[in-house]
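Participant: The following block contains the structure, expressed as structure tokens.
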Amino acid sequence: MIGEVLDALLGRAAGTHERDASDAVTSLLFLACKSAHATQHMVQTMQTQLAAAATTGGGWRQHLVNLRLVTAIASQYRFSAESGLSFDQAMAMSATALDHSSVKVRSAAVDLLVQAVVVTTEQAGQTIYLLLVLASYRLLS
């Protein structure tokens, strides 16, 4: 049931009516922050849509919305099991979209690429910092 609602919202988010699209995106982001299942379903659906669009051409609005949502998910929830989004998936989505004919889609793909690198660098930096703290603690004790 929730999957059908999410799919309908994803479709509406790519619509031409600006207010409906904005409301749908807001609803999707709200659901993503409240439910790991919803986030995982959205990521899987968007990944499937972007992969299928690479072979069929697809509409640019759906690509743009998908890339912006994935970028927001990466920004808010990082790459984790809860988000259902991995660095590899984000890079694959970005790489696929970089070949799109629309400059808006290509720009969103670059935004996702940059966000993926920033998130990964932050996560790696936190890990290195933690290891340094643990190592210094062992040296002091």
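Here our numbering is used: the first residue of the sequence shown is 2, the next is one more, and so on. Note that CB positions come from ideal geometry on N, CA and C, so glycine has one too.
(1) Would the region 63-78 and the region 93-101 be scored as touching if the rule is three or more Cβ pairs under 8 Å?
(2) Going by beta-carbon coordinates alone, are THR40 and GLY85 separated by less than 7 Å?
(3) Measuring from the CB of ALA125, is there a heavy atom of the ligand NAD at a distance below 6 Å?
(4) Given a cut-off of 7 Å, decide if THR46 and PHE88 are closer than it, judged by their beta-carbon atoms.
(5) Using DSSP bridges, identify the partner residues of SER81.
(6) In whole angstroms, what separates the C-alpha of SER142 from that of GLN127?
(7) Whole-angstrom Cβ separation of ALA15 and GLN63, contact assumed at under 8 Å?
(8) With a 10 Å radius around its C-beta and 16 neighbouring C-beta atoms as the bar for buried, classify VAL119 as buried or exposed.
(9) Taking all protein chains shown into account, do 16 or more other C-beta atoms lie within 10 angstroms of the C-beta of ILE74, making it buried, or fewer, making it exposed?
(10) By how many angstroms is the C-alpha of VAL111 removed from the C-alpha of SER102?
(11) For GLN116 versus SER81, is the C-beta spacing smaller than 7 Å?
(12) Could you have a look at GLY60 and say whether DSSP puts it in helix, strand or coil?
(13) Using the beta-carbon count (16 or more within 10 Å), is VAL106 buried or exposed?
Facilitator: In this structure, then:
(1) Segments in contact, yes.
(2) Their beta carbons are under 7 Å apart, which means THR40 touches GLY85 by this criterion.
(3) No copy of the ligand NAD occurs in the structure displayed, which carries no ligand at all.
(4) no
(5) For SER81, DSSP records a beta bridge to LEU86.
(6) Legend: pLDDT at SER142 = 47, less than 50; position of this residue unreliable, no value from coordinates given.
(7) 4 Å
(8) exposed
(9) buried
(10) 14 Å
(11) no
(12) coil
(13) VAL106 should be labelled buried.
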